[in-house]
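Undergrad: Take a look at this one; I'll ask things after.
Protein chains: 4
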Amino acid sequence: MSPRVSEEHLKQRRASILKAATDVFIEHGYEHTTMKHVMEAAGVSRGGLYQYFSNKEDLFEAILEEGLNEEAHQSLESLKQSSASHWHLLMQVMFGEDATPDAEMDPLSPSKLEFFITGRNDERRRAYGTKRYEIGLKIYADIIEAGQKEGEFRTTYEPDLIARSIITFVDGLALDHAMLPEDKVLVKEQSALFVDYLNMALRGDGSPVRE
Amino acid sequence: MSPRVSEEHLKQRRASILKAATDVFIEHGYEHTTMKHVMEAAGVSRGGLYQYFSNKEDLFEAILEEGLNEEAHQSLESLKQSSASHWHLLMQVMFGEDATPDAEMDPLSPSKLEFFITGRNDERRRAYGTKRYEIGLKIYADIIEAGQKEGEFRTTYEPDLIARSIITFVDGLALDHAMLPEDKVLVKEQSALFVDYLNMALRGDGSPVRE
Amino acid sequence: MSPRVSEEHLKQRRASILKAATDVFIEHGYEHTTMKHVMEAAGVSRGGLYQYFSNKEDLFEAILEEGLNEEAHQSLESLKQSSASHWHLLMQVMFGEDATPDAEMDPLSPSKLEFFITGRNDERRRAYGTKRYEIGLKIYADIIEAGQKEGEFRTTYEPDLIARSIITFVDGLALDHAMLPEDKVLVKEQSALFVDYLNMALRGDGSPVRE
Amino acid sequence: MSPRVSEEHLKQRRASILKAATDVFIEHGYEHTTMKHVMEAAGVSRGGLYQYFSNKEDLFEAILEEGLNEEAHQSLESLKQSSASHWHLLMQVMFGEDATPDAEMDPLSPSKLEFFITGRNDERRRAYGTKRYEIGLKIYADIIEAGQKEGEFRTTYEPDLIARSIITFVDGLALDHAMLPEDKVLVKEQSALFVDYLNMALRGDGSPVRE
DNA sequence: GATGAATGAGGCTTCATTCAT
DNA sequence: AATGAATGAAGCCTCATTCAT
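Protein chains in written order, with the UniProt record's numbering: chain H, 1 to 211; chain Z, 1 to 211; chain P, 1 to 211; chain V, 1 to 211.
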């Protein structure tokens, strides 16, 4: 009476569906992706798909959770090796390991925006989005607050407000990146400029300088 | 030879449909609005609606154009009375007549974002979005450039780049405002902070200060 | 209190609509022609069109009647100058003045076939089609009968039956001509062959010969 | 791994839809048949129907193919037992097993004509119709050619041309039969006359005689 | 657990015809 | 008479989700 398939197998199957679904969402976007697209990409039957995820929303949220786990993991790691400055840590959370603005964007971003924006009138979805917003907010705010406490950052602005501006920038950039042709958005340059903004706000010494 | 109804009446009818449609789009968002919703809100028959607008996309774009005309008109007006500083002009374009950050957001913004984001894989829509982006970009960039030329602004940054950061901020804020509950987004405070960012970048005299 | 527009003018207007409609029906076929197509081609308003013809069916029937009048007129003329043989007369009715098979087909034929075939379950339309069939039948049958009476044709077959076979041939050829690409139907050759068939049946002297 | 229902069941379901659809097309004709009619007649849901046939055209073509298969099968069979004369074979292909003109017509004929006639401006449809025409043409032409080669038929006419006249006759008769009331078309008599035409053309010994 | 056939609500669009002016 | 805005029935098709096997 032991399960016919190992727990391990199930996890792998689920993960493979999730992987395929991610690709599909990246390609078609949230609204325009159909369960059929996912089925086909994942090589699962309709029923099979619904066994793992009870609907499209559920499926997408699972993908979001995965991403969150990864990110959380990353930032946690980053935090741990916080031998460097809080500024450096902030840059790492924003731009990854190398703490430097680049032209890379999360390819799933456009779909995420779609998901939350088209679902903004759905209470459940909105609550979920809000939760995610607040988690992100806290990560940034905590770092900033710590930096202020230790005197690395000036205290002119509330950590929370700066943190919000970071998220707003990130969202705005993702939006422009989603809508415009590749060569029209200067992701790297804009990121660098925003870093200057932050630098002025947090460490401002008189003139806007690159680090 | 004379039409059954006056030209005026037609314009009004069209305008009234547009008005009703705008309300519907604000309420349900672009994707979730159906032509039926619009019909009912506008008190038009199916066929009547299609007489004016050949499909949902067409209808929405008509609304966008209206908005553009208004905006263009405004900014033009603003530009005319440009007796004030370029900085003031910039603030006016961003925040309206009174040049001061407030909590007001264009209620149609969320739908606009939806429209462009869900349509990002459609060539036509993307081109249209790009055009709009570039028009907006130019408005800001021109003001900044003029300010730099006349020595009002420092020339550290390219006008184009600063202009982009403004749009990115506006889009990002609209996005957050669309997704989060009213009380979670600090539109006014964030706007004020962003103004500080700009102030530092364009007029920075050493320390981040409020105007 | 005299009519604002002359009777003449009305007739001309009607005729011009009819002409335009004919072109449209030729181009799109009966089913796929819309009243809008006609309006535009004729340069009439919707209401104007309906003033003259109360619906699409009515309009098409008017065109049919015109054609009938012309044909009737022609065959009448032909009959009058029936100095020639009945055979020649038959050929004239079938192929026109020159009594010789050519590749010309009535361009409206396909639409006529459509009209009667799609309307075959409509009593009114069916009756109308039947009437037309019988009129055509009679024309041919009368000639054949006369030819038989005067000893020009052999009496092996009933005039009515031969007449039917002519119509069937004409309809069949029109059908094939309507459906197949220009170069796939050998209108002229088939017509010539059918003439041979008739020749054998009516004047057969032993071997199938061309006249 | 195993499908929920047997392959057999699927085939039957498909066949039953096809059967029901055939009845509906016979009753209403091609143009006037709606997918809803078919759904209801077949006892399938909208989605179910579209699972098997992606649109009305597809559905009708499936019916046509079925017919073709049957016919091909028949003529193949007939050809096999070609112990009899080529003339007899020709009669069999035209009139079925008993090689004798009767009053039976394919009840689906009118819809077929409609299908090809209303679709004559559609490239795809036209190509399909042409293909079918040519297949039919070849069947007749091959028999006639063989008959000529073996001296059974005279060689006065090209096999291809005679074959075309057969199709034209069949189409024409189907057309008249479709449009006119039952008792107005003399299917049997006309068929017999046409056989005489053929007899004269292929085996003509001087006078038109019944076989 | 898996399968995929079946469901049916829901959306879009067209077009013949009417009717107030 | 003429106009063309307005109507609304009717058709087509998609797709998330269910459920018998």
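Just so you know, even glycine gets a beta-carbon here, dropped at the ideal spot from N, CA and C. Computed from a predicted model, the values in this text were never measured in an experiment.
Which full runs of the alpha helix (DSSP H) of 4+ residues lie inside the UniProt domain "HTH tetR-type" (11-71) of chain V, going along the chain?
TA: Entirely contained in the UniProt domain "HTH tetR-type" (11-71) of chain V, the alpha helix (DSSP H) runs reaching 4 residues are, in chain order, 35-42, 46-52.
Undergrad: Does DSSP classify P/Glu97 as helix, strand or coil?
TA: Of the three classes helix, strand and coil, the one that applies to P/Glu97 here is coil, per DSSP.
Undergrad: Less than 9 Å separating the beta-carbons of P/Met35 and P/Lys56?
TA: Taking 9 Å as the Cβ cut-off, P/Met35 and P/Lys56 qualify as a contacting pair.
Undergrad: So does the region 11-31 of chain V actually touch the region 111-129 of chain V, counting three or more Cβ pairs closer than 8 Å?
TA: Yes, the region 11-31 of chain V is in contact with the region 111-129 of chain V.
Undergrad: Going by other Cβ atoms of all chains shown within 10 Å of its Cβ, with 16 needed for buried, is P/Arg124 buried or exposed?
TA: With fewer than 16 other Cβ atoms within 10 Å, it is exposed.
Undergrad: Please state if the CB of H/Ala163 and the CB of H/Tyr197 are separated by a distance shorter than 9 Å.
TA: No, Cβ-Cβ distance for H/Tyr197 and H/Ala163 is not below 9 Å.
Undergrad: Residues of chain V with CB under 9 Å from P/Ile167, in chain order?
TA: Within chain V, the residues near P/Ile167 are Gly172, Asp176.
Undergrad: Does DSSP put P/Leu193 in a helix, in a strand, or in coil?
TA: Here P/Leu193 sits in helix by DSSP.
Undergrad: Return no unless some Cβ of chain P is closer than 9 Å to the Cβ of V/Ile162.
TA: Yes, V/Ile162 counts as interfacial toward chain P.
Undergrad: Going by CA-CA distance only, name the one from V/Pro107, V/Val185, V/Glu158, V/Val170 that's closest to V/Leu64.
TA: Residue V/Pro107 is the option with its Cα nearest to V/Leu64.
Undergrad: Short of 8 Å in beta carbon distance, which residues of its chain neighbour V/Val170, apart from the five on each side in sequence? Order them along the chain.
TA: These residues qualify, in order along the chain: Met94.
Undergrad: With P/Gly136 as the anchor, note down where its alpha helix (DSSP H) starts and where it stops.
TA: It spans 123-149 - the alpha helix (DSSP H) in which P/Gly136 sits, taken as one unbroken run.
Undergrad: Taking the straight line between their C-alpha atoms, what separation do you get for P/Ile26 and P/Ser109?
TA: C-alpha separation (whole angstroms): 8 Å.
Undergrad: Quick one: what's got a C-beta closer than 8 Å to Z/Glu7's C-beta in the same chain, skipping five residues either side?
TA: Same-chain partners within the cutoff: there are none.
Undergrad: Measuring CB atoms only, is the region 183-197 of chain V touching the region 137-153 of chain V, in the sense that at least three cross pairs come out at less than 8 Å?
TA: Touching, no, given that fewer than three Cβ pairs across the two stretches are closer than 8 Å.
Undergrad: Let me confirm a value: P/Pro159 is counted as buried when at least 16 other C-beta atoms fall within 10 Å, else exposed. Which label applies?
TA: Buried, since its Cβ has 16 or more Cβ neighbours within 10 Å.
Undergrad: Return the chain-ordered list of same chain residues with a C-beta closer than 7 Å to the C-beta of Z/Asp102, the five sequence neighbours on each side being excluded.
TA: If we look at Z/Asp102 and ignore the five residues flanking it on each side, its Cβ neighbours are Phe95, Lys188.
Undergrad: Any Cβ of chain Z within less than 9 Å of the Cβ of H/Lys149?
TA: With 9 Å as the cut-off, H/Lys149 does not count as an interface residue toward chain Z.
Undergrad: Using only alpha-carbon positions, find the residue among V/Glu145, V/Lys131, V/Ser16, V/Gly147 that is nearest to P/Pro181.
TA: Among V/Glu145, V/Lys131, V/Ser16, V/Gly147, the Cα nearest to that of P/Pro181 belongs to V/Lys131.
Undergrad: For H/Gly129, which residues from the same chain have a beta carbon less than 6 Å from its beta carbon, with the 5 sequence-adjacent residues on both sides left out?
TA: If we look at H/Gly129 and ignore the five residues flanking it on each side, its Cβ neighbours are Phe116.
Undergrad: Distance cutoff 9 Å, beta carbons only. Does Z/Asn121 sit that close to anything in chain H?
TA: So, interface residue.
Undergrad: Quick one, are the C-beta atoms of P/Ala178 and V/Arg120 less than 9 Å apart?
TA: Yes.
Undergrad: Which residues in the same chain have their Cβ closer than 6 Å to the Cβ of H/Ala192, if we skip the five residues on either side of it in sequence?
TA: Cβ neighbours of H/Ala192 beyond the five flanking positions: Pro101.
Undergrad: Short of 7 Å in beta carbon distance, which residues of its chain neighbour Z/Ala62, apart from the five on each side in sequence? Order them along the chain.
TA: Excluding positions up to five away in sequence, the list reads Leu18, Phe53.
Undergrad: For a quick check, are the C-beta atoms of H/Leu175 and Z/Gly136 less than 9 Å apart?
TA: Against a cut-off of 9 Å, the Cβ pair of Z/Gly136 and H/Leu175 comes out as no contact.
Undergrad: Applying the 10 Å Cβ sphere with the 16-neighbour rule, what's the burial state of V/Val24?
TA: Classification of V/Val24: buried, given that the 10 Å Cβ count is 16 or more.
Undergrad: Under a three-way DSSP split, which group does V/Val170 fall into?
TA: Looking at V/Val170 - three-state DSSP - the assignment turns out to be helix.
Undergrad: So P/His126 contacts chain V; which residues on that side make the cut at Cβ distance below 9 Å?
TA: Reading off the sequence, residue 126 of chain P comes out as Arg, not His. Under the 9 Å cutoff, chain V gives Met179, Leu180, Pro181.
Undergrad: Can you list, in chain order, the residues of the region 21-34 of chain Z whose Cβ is nearer than 9 Å to any Cβ on chain H?
TA: Residues Glu27, His28, Gly29, Tyr30, Glu31, His32.
Undergrad: Note down the Cα distance separating H/Met1 from H/Thr22, rounded to an integer number of angstroms.
TA: Confidence is the limiting factor: at H/Met1 the pLDDT is only 41, short of 50, which leaves the residue's position unreliable, though a coordinate-based value still follows. Roughly 35 Å between the two C-alpha positions.
Undergrad: I'd like the span of the alpha helix (DSSP H) that includes H/Glu114, first residue to last.
TA: Unbroken alpha helix (DSSP H) run through H/Glu114: 109-118.
Undergrad: What separation, rounded to the nearest whole angstrom, lies between the Cα atoms of P/Lys11 and P/Arg46?
TA: Going by the C-alpha atoms only, they are around 18 Å apart.
Undergrad: Counting only beta-carbon atoms, is P/Met200 nearer than 9 Å to chain V?
TA: Yes - at least one Cβ of chain V is within 9 Å of the one on P/Met200.
Undergrad: Using three-state DSSP, classify V/Leu90 as helix, strand or coil.
TA: DSSP places V/Leu90 in helix when its eight states are reduced to three.
Undergrad: Would Z/Leu10 count as contacting chain H if we go by Cβ distances under 9 Å?
TA: Z/Leu10 does not count as touching chain H.
Undergrad: Please state if the CB of H/His86 and the CB of H/Ile143 are separated by a distance shorter than 9 Å.
TA: Closer than 9 Å, so yes.
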